[in-house]
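Okay, so here's the structure we're looking at.
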Amino acid sequence: MSADSAEEIRKHVKVYITVFAALAALTIITVGISYLHLPAFWAITFALLVATVKGSLVACYFMHLISERAIIFWVLIVCLIFFAHLLLLPVATSSHY
Amino acid sequence: MEIPYSVKANPVTGIPNGKFGIWLFLASEVMLFGALFSSYVLLRVGADVWPHGRDVGLSIPLATLNTMVLIASSVTMVMAWASLKMDQFKKFRLYLGLTILLAFGFLVVKYFEYTAKFHHEIYPSTSTFFAIYFTLTGLHGLHVIGGIIVNSYLWGPGAKVWRSEPDRFANRIEYAGLYWHFVDLVWIFLFPVLYLL
Numbered sequence: 001m002s003a004d005s006a007e008e009i010r011k012h013v014k015v016y017i018t019v020f021a022a023l024a025a026l027t028i029i030t031v032g033i034s035y036l037h038l039p040a041f042w043a044i045t046f047a048l049l050v051a052t053v054k055g056s057l058v059a060c061y062f063m064h065l066i067s068e069r070a071i072i073f074w075v076l077i078v079c080l081i082f083f084a085h086l087l088l089l090p091v092a093t094s095s096h097y
Numbered sequence: 001m002e003i004p005y006s007v008k009a010n011p012v013t014g015i016p017n018g019k020f021g022i023w024l025f026l027a028s029e030v031m032l033f034g035a036l037f038s039s040y041v042l043l044r045v046g047a048d049v050w051p052h053g054r055d056v057g058l059s060i061p062l063a064t065l066n067t068m069v070l071i072a073s074s075v076t077m078v079m080a081w082a083s084l085k086m087d088q089f090k091k092f093r094l095y096l097g098l099t100i101l102l103a104f105g106f107l108v109v110k111y112f113e114y115t116a117k118f119h120h121e122i123y124p125s126t127s128t129f130f131a132i133y134f135t136l137t138g139l140h141g142l143h144v145i146g147g148i149i150v151n152s153y154l155w156g157p158g159a160k161v162w163r164s165e166p167d168r169f170a171n172r173i174e175y176a177g178l179y180w181h182f183v184d185l186v187w188i189f190l191f192p193v194l195y196l197l
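Here it is in structure tokens:
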């Protein structure tokens, strides 16, 4: 995060509280949905979607990614390319069967 | 000896060296947990049957409580940093202290979860599910302990830097916070993957 004045930080604090409320609500929603016993495909899709939204909120606002410098994004883009490869490895392995 | 670019931005990266360093470290952490998540997918896809966490005795209410505890600790961590930026050192101590207490709270709940499993003679060797469950939650738990150690140092003796170099100390709290939010972020994915699906 760039150099912030005390006034700007006070505005950020309100955002932090809002994000906390959103994270708590999304946690309750994802737990509630899990008790509906949806078909596996929809249960996995929904749970991972909610987790991705929650993760994005943490990264964007608590970790200040939303106002971060370009070099951080380049580090993360390279990292996510390798991460995607890791997650696709099981698919590549299972295609041999 | 003065450490260069601990407060000012490095002209090459545009950010202080510490921030660049912690993000590179977090990128390596993504790969560490990514390898284990990849293993989880491989094991799950390859298994004939994969149990739901709740069907094999994992407590969803306790895990939900722990999720809330970690989310709350992320808020108190970022509030600790914000307090320093607003020149409120006492509030910083309060918020960072709360973060440490919440982290201990997370570990206490995890202790009860683990001991309940051991009491029922459930170990990593019991099944593939529990092997990956203990590996992922154990590694995450170690990260929580690491966060407690760093935050406790910054709450206690490390806070002396505030008097002489406040900007540098605020940056240290920001970097510790980035690590702590990452620990929270990992749990946000572990929770549904291990307990709800």
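Keeping their order, the protein sequence lines are chains A and B.
Every letter in the first sequence is one number past the one before it in my numbering, and letter 8, counting from 1, is 8.
Every letter in the second sequence is one number past the one before it in my numbering, and letter 27, counting from 1, is 27.
Glycine residues also receive a C-beta, built at the ideal position from the N, C-alpha and C atoms.
These numbers were taken from a predicted model, which means no experiment stands behind them.
> Roughly how many angstroms lie between the CA atoms of residue 30/B and residue 14/B, to the nearest whole one?
Replying inline: 23 Å
>> Tell me the residue span of the alpha helix (DSSP H) that contains residue 178/B.
In response: 166–190
> What does residue 39/A reach in chain B if we use C-beta pairs closer than 8 Å?
Replying inline: Residues of chain B passing the Cβ test: none, with the nearest at roughly 12 Å.
> Are the C-beta atoms of residue 29/A and some chain B residue less than 8 Å apart?
Replying inline: no
>> Just verifying my parser: in three-state terms, what is the DSSP assignment at residue 194/B?
In response: helix
> Which full runs of the beta strand (DSSP E) of 3+ residues lie inside the region 53–93 of chain B, going along the chain?
Replying inline: none
> Can you tell me the Cα-Cα spacing of residue 37/B and residue 101/B, whole angstroms?
Replying inline: 28 Å
> Shortest alpha-carbon distance to residue 74/B belongs to which of 76/A, 43/A and 21/A?
Replying inline: 21/A
> For residue 17/B, which of helix, strand or coil comes out of DSSP?
Replying inline: helix
> Is the shortest distance between the beta-carbon of residue 56/B and the beta-carbons of chain A less than 8 Å?
Replying inline: no
> Taking only runs of the alpha helix (DSSP H) that begin and end inside the region 88–166 of chain B, which ones reach a length of at least 4 residues, in chain order?
Replying inline: 89–119, 128–155 and 161–164
> Quick one: what does DSSP say residue 2/A is sitting in, helix, strand or coil?
Replying inline: Only weak support exists for where residue 2/A lies, its pLDDT of 45 falling under 50; the value from the coordinates is given anyway. Residue state, collapsed to three classes: coil.
> In terms of alpha-carbon separation, which member of 109/B, 44/B, 67/B and 57/B lies closest to residue 54/A?
Replying inline: 67/B
> Tell me which same chain residues have a C-beta within less than 6 Å of the C-beta of residue 2/A, skipping the five on either side of it?
Replying inline: Legend: pLDDT at residue 2/A = 45, less than 50; position of this residue unreliable, no value from coordinates given.
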